[in-house]
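In the numbering used here, the protein residues as written are 277 to 475.
Glycine included, C-beta positions come from ideal geometry on N, C-alpha and C.
Predicted model, so just to flag it, every value in this text is computed and none were measured.
The structure under discussion appears below in the form of structure tokens.
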Ligand SMILES: O=C(O)CCC(=O)C(=O)O
Ligand SMILES: [Mn+2]
């Protein structure tokens, strides 16, 4: 209680720096961006190799950013598409909220509760040692699970329509995160994680 009076957004976890701003976007702006991104982003179905088998990633994704901000993960290289007007607007709003510059965004479209993202940390070398990541959620609420790599301590946070979650400091060094499948979810969600790729 005292903690939330002091800072309503801060989530206290060991070796992490998380800040959750539920009312980052107005309802109207969040509705508008969800409709815009669903329709206008260049969504792709990517595949990864898992235990020697080629499998569909259980969601659609798109990568936008400044020229040269290529992103490599799980054997995939994503080359950025140029910023759209709405993405550039949202990037600027995130930069203002975080006090940090971004040059790329990964967009993920979870079409329903069967789409998901496995356990991972955003710790690719091109993100640097202590990346600042701004994660905007649009659409139906989904749970983001955290697990501490050393202790296996777990923490779950529901990410709501129009919210911003900021991850920074040593979060990616000590914690993994995931979006689990859910039978209770039948609606879509779009998530955008703004990042700074070092070249
Ligand atoms: O959908 C989310 O909230 C998580 C996305 C994420 O972890 C990522 O894009 O790296
Ligand atoms: Mn991530």
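Three-state secondary structure (DSSP) of residue 291: Sequence index remark: in the chain shown, residue 291 carries index 15 (1-based). Coil, per DSSP.
Own chain, CB closer than 6 Å to residue 288, minus 5 neighbours either side, in chain order: Position 12 of the chain shown, counting from 1, holds the residue named residue 288. None.
beta-carbon residue 469 near ligand 2 non-hydrogen atom, thresh 7 Å: One-based indexing of the chain shown puts residue 469 at position 193. Indeed, a heavy atom of ligand 2 lies less than 7 Å from the Cβ.
Continuous beta strand (DSSP E) stretch holding residue 336: start and end: Here residue 336 is taken as the residue at index 60 of the chain shown, counted from 1. 336–341 is the span of the beta strand (DSSP E), which, as asked, contains residue 336.
Integer Cβ distance of residue 413 from residue 392, believed to fall under 8 Å: Residue numbering aside, residue 413 sits at position 137 when the chain shown is read from its first letter. Residue numbering aside, residue 392 sits at position 116 when the chain shown is read from its first letter. Not a contact, Cβ separation roughly 15 Å.
Close Cβ partners of residue 374 (< 7 Å) along its chain, the five nearest in sequence each way excluded: Here the question's residue 374 lines up with position 98 in the chain shown. Result list for residue 374: 408, 410, 442, in chain order.
DSSP state of residue 325 mapped onto helix, strand, coil: Here residue 325 is taken as the residue at index 49 of the chain shown, counted from 1. DSSP places residue 325 in strand when its eight states are reduced to three.
Cβ pair count under 8 Å reaching 3, the segment 313–323 against the segment 337–351: yes
Spatial distance of residue 404 from residue 473 (CA atoms): As a position in the chain shown, residue 404 is number 128, starting the count at 1. As a position in the chain shown, residue 473 is number 197, starting the count at 1. Rounded to whole angstroms, residue 404 to residue 473 spans 8 Å at the Cα level.
Complete runs of the beta strand (DSSP E) confined to the segment 407–458 [at least 3 residues]: 409–415, 418–424, 430–435, 439–444, 451–455
Cβ-based burial, residue 455 [other Cβ within 10 Å; buried from 16]: As a first step, residue 455 is located in the chain shown; it is residue number 179 there, counting from the start. So residue 455 counts as buried.
Burial state of residue 364, where buried means 16 or more other Cβ atoms lie within 10 Å: Stepping through the chain shown from its first residue, residue 364 is reached at position 88. Under this definition residue 364 is an exposed residue.
Among 447, 390, 448, the one whose alpha carbon lies nearest that of residue 465: On the chain shown, residue 465 is found 189 positions in, with the first residue counted as 1. With distances taken between Cα atoms, residue 465 lies closest to 390.
Residue 401 versus residue 447: straight-line alpha-carbon distance, rounded: Residue numbering aside, residue 401 sits at position 125 when the chain shown is read from its first letter. Residue numbering aside, residue 447 sits at position 171 when the chain shown is read from its first letter. Distance between the alpha carbons of residue 401 and residue 447: 15 Å.
Minimum C-alpha distance to residue 379 - residue among 355, 397, 386, 394: Walking along the chain shown from the start, residue 379 turns up at place 103. With distances taken between Cα atoms, residue 379 lies closest to 355.
Rounded C-alpha distance that separates residue 302 from residue 471: By 1-based counting over the chain shown, the position of residue 302 is 26. By 1-based counting over the chain shown, the position of residue 471 is 195. Cα to Cα, residue 302 sits roughly 23 Å from residue 471.
Backbone CA spacing between residue 305 and residue 360 [nearest angstrom]: Taking the chain shown and counting its residues from 1, the one referred to as residue 305 is at position 29. Taking the chain shown and counting its residues from 1, the one referred to as residue 360 is at position 84. C-alpha separation (whole angstroms): 16 Å.
Environment of residue 453 [buried if 16+ CB atoms lie within 10 Å]: Translated into the one-based positions of the chain shown, residue 453 becomes position 177. Burial state of residue 453 is buried, judged by a 10 Å Cβ sphere holding 16 or more other Cβ atoms.
Rounded straight-line distance, which links the Cα of residue 349 to that of residue 368: Reading the chain shown from its first residue, position 92 is the one you call residue 368. Reading the chain shown from its first residue, position 73 is the one you call residue 349. Cα-Cα distance, rounded: 25 Å.
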